[in-house]
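>
There are 2 protein chains.
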Amino acid sequence: MGAVTPADRRPKQDRSRATRQRLLQAAVACLAEHGWAGSTVSVVAERAGVSRGAAQHHFPTREDLFTAAVEYVAEERSTALRALFPQGAQGPRGDRRAVAGALVDLFTGPLFRAALHLWVAASNEDQLGARVTELETRVGRETHRIAVELLGADESRPGARESVQGFLDMARGLGLANLLTDDAARRDRVVAQWAAMLDEALG
Amino acid sequence: MGAVTPADRRPKQDRSRATRQRLLQAAVACLAEHGWAGSTVSVVAERAGVSRGAAQHHFPTREDLFTAAVEYVAEERSTALRALFPQGAQGPRGDRRAVAGALVDLFTGPLFRAALHLWVAASNEDQLGARVTELETRVGRETHRIAVELLGADESRPGARESVQGFLDMARGLGLANLLTDDAARRDRVVAQWAAMLDEALG
């Protein structure tokens, strides 16, 4: 991004980046709808309106495509979450509960569904397992970092770190509970109660 | 169980029940190890040392076998959990944290792994989806009932019900976090903190 690019090469790079993004978005939608078994590079290429050859130019293997897709969408969502609460803990007091609700929202919807399919497939496939474990470590750390920042948690306070971690574990469990049925009404009540408990624990 | 059984029929019934149990245990192990795609009635029958015909006599369809298997093992674990804390909330005060730890243990290990494969497969298969949704409602209610009982939670107290539910959601999320890597050390710290928060909320 920082390098000087000759003007005549820019449009080609833009097109290449747009193709890559279309592939990544199609890959997440495909995983969420059809699971790992139904998600191949060909299916995604067709969905994105890209030739199979072009798709393989961007992502040589199936594992490359789907781990990149989950990471890309996770990054997009992190950016959106930070933009939603630009003030973070500096915002008005009530913001901590709004932040808690927004964190839980990260674990419902197509991205979580896609990631879940990838995790479960990875638990039975060694090659995919190593890639997804590494991906999960990165995404998990970033989510924790954002949560600590937006909740204004002081991690030097005993129990603060574990309170935030447990809240994110709960959010993940709520995402799983929402997989087969619409669990929104129950989830709202649970989140309201634990956000209040988290608020107290964080001081 | 309560009916009088002629002595000459007993051994055959015992054998039939033993066969059924072997099939159910083999089905859970198979799901946990190979996922839904690799779990068929034939594979389970072979693992259990039972003919395919005998397996189909007990469980006419693949859906019958695997939903029955997850339900059977969940019931076994509920019984074991109740036996572990016969006094429940009447036990010494420190028991509430021990109960919290035992509840979390329900969501690690082969049963959770098997159930997770079944859930995720069900999210993309309509026929299986209806069965698993019904199963999950039953198992989820029973787990909540045991948790309330063993934790000695008074559900008429505002927030108590949601505190217990959120704790079980967290336990489910911890199970998911343990799928690809051994998360035991982090989990112990998170559970200690959340058990303390739960203890305070339940009074």
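Sequence order for the protein chains is A and B. Counted the way full-length UniProt numbering counts, the first sequence spans residues 1 to 203. Counted the way full-length UniProt numbering counts, the second sequence spans residues 1 to 203. Ideal Cβ placement from N, Cα and C applies to all residues, glycine included.
#1: By Cβ distance below 8 Å, which residues in the same chain neighbour A/G2 in space, the five residues on each side in sequence not counted?
#2: Does the beta carbon of A/D14 come closer than 8 Å to any beta carbon on chain B?
#3: When burial is assigned at 16 or more other CB atoms within 10 Å of the CB, is B/H57 buried or exposed?
#4: Given that a residue counts as buried once 16 or more other Cβ atoms are within 10 Å of its Cβ, and exposed if not, what is A/Q21?
#5: What do you get for B/D169, buried or exposed, if any count of 16 or more other CB atoms within 10 angstroms of its CB means buried?
#6: Whole angstroms are fine: how far does the CA of A/A115 sit from the CA of B/R62?
#7: Please classify B/Q56: does DSSP put it in a helix, a strand, or coil?
#8: Using CA coordinates, which residue listed in A/P110, A/V139, A/A196 is at the minimum distance from A/L179?
#9: With a threshold of 16 other CB atoms inside 10 Å of the CB of B/S16, please say whether the residue is buried or exposed.
#10: Check distances from the C-beta atoms of the UniProt domain "HTH tetR-type" (17–77) of chain A to those of chain B and list, in chain order, the residues that come in under 7 Å.
#11: For A/A171 and B/Q165, I'd like the C-alpha separation in whole angstroms.
#12: Is there contact between the region 32–47 of chain A and the region 119–138 of chain B, where contact requires at least three CB pairs shorter than 8 Å?
#13: Note down, in chain order, all residues in the region 127–144 of chain B with a beta-carbon under 9 Å from any beta-carbon belonging to chain A.
#14: Give the residues from the region 168–194 of chain B that approach chain A closer than 9 Å (Cβ to any Cβ), ordered along the chain.
#15: What are the residues in the region 89–122 of chain B lying within 9 Å of chain A by C-beta distance?
#16: Let me confirm a value: A/Q87 is counted as buried when at least 16 other C-beta atoms fall within 10 Å, else exposed. Which label applies?
#17: Any contact of the region 182–202 of chain B with the region 95–104 of chain B, i.e. 3+ C-beta pairs under 8 Å?
#18: For B/A27, which residues in the same chain have their Cβ closer than 6 Å to its Cβ, ignoring the five residues on either side in sequence?
#19: Would you say A/A201 lies against chain B (beta-carbon separation less than 8 Å)?
#20: Using a Cβ-Cβ cut-off of 6 Å (strictly less than) and excluding sequence neighbours within five positions of A/D199, which residues of its own chain qualify?
#21: I'd like to know whether the C-beta of B/Q165 is nearer than 8 Å to at least one C-beta of chain A.
#22: Can you tell me where the alpha helix (DSSP H) holding A/S78 begins and where it ends?
#23: With the cut-off set at 8 Å, would you say B/V132 and B/W119 are in Cβ contact?
#24: Along the alpha helix (DSSP H) that carries B/E162, what are the first and last residues, could you check?
#25: Can you find a C-beta in chain A that's less than 8 Å from the C-beta of B/G159?
#26: I want to verify the contact list: residues of chain B whose CB lies under 8 Å from the CB of A/R155, in sequence order.
#27: Can you tell which of A/S156, A/T181, A/V50, A/V148 has its C-alpha closest to the C-alpha of A/F167?
#28: Pick out whichever of B/H144, B/G173, B/L174 has its Cα sitting closest to the Cα of B/A160.
#29: Mapping DSSP to helix, strand and coil, what is B/T181?
Let me spell this out:
#1: Confidence is the limiting factor: at A/G2 the pLDDT is only 49, short of 50, which leaves the residue's position unreliable, though a coordinate-based value still follows. Excluding sequence neighbours, A/G2 sits near nothing in its chain.
#2: Not one chain B Cβ lies under 8 Å of A/D14.
#3: Exposed is the call here.
#4: Per the 10 Å Cβ criterion, exposed.
#5: The residue in question, B/D169, is buried, as its Cβ has 16 or more Cβ neighbours within 10 Å.
#6: One C-alpha to the other measures close to 26 Å.
#7: Helix.
#8: Among A/P110, A/V139, A/A196, the Cα nearest to that of A/L179 belongs to A/P110.
#9: Within 10 angstroms of the beta-carbon of B/S16 lie fewer than 16 other beta-carbons, which makes it exposed.
#10: So the list reads H34, G35, A37, given in the order they occur along the chain.
#11: A/A171 and B/Q165: Cα-Cα distance of roughly 12 Å.
#12: In this structure the region 32–47 of chain A touches the region 119–138 of chain B; the number of beta carbon pairs closer than 8 Å is three or more.
#13: Listed by position, the residues of the region 127–144 of chain B near chain A (Cβ gap below 9 Å) are G129, V132, T133, E136, T137, G140.
#14: Within the region 168–194 of chain B, those residues whose Cβ lies closer than 9 Å to any Cβ of chain A are, in chain order, L168, D169, M170, A171, R172, G173, L174, G175, L176, A177, L179, L180, T181, R186, R187, R189, V190, V191, A192, Q193, W194.
#15: Correct list: F107, R113, L116, H117, W119, V120, A121, A122.
#16: A/Q87 sits exposed, since fewer than 16 C-beta atoms from the chains shown fall within 10 Å of its C-beta.
#17: They touch, by the three-pair rule.
#18: So the qualifying residues of the chain are V44, L65, F66, A69.
#19: Chain B contact via Cβ: present.
#20: If we look at A/D199 and ignore the five residues flanking it on each side, its Cβ neighbours are R96.
#21: True, the Cβ-Cβ gap to chain A drops below 8 Å.
#22: A/S78 -> alpha helix (DSSP H) spans 62–84.
#23: Yes. Within cutoff.
#24: Per DSSP, B/E162 belongs to the alpha helix (DSSP H) from 160–177.
#25: Under the Cβ criterion of 8 Å, B/G159 is counted among the residues facing chain A.
#26: It should be pointed out that residue 155 of chain A corresponds to Glu in this sequence rather than to Arg. Those do not exist, as A/E155 stays about 12 Å from chain B at its closest Cβ, beyond 8 Å.
#27: Ranking the options by Cα distance to A/F167, first place goes to A/V148.
#28: The shortest C-alpha separation from B/A160 is found at B/H144.
#29: It is coil, neither helix nor strand.
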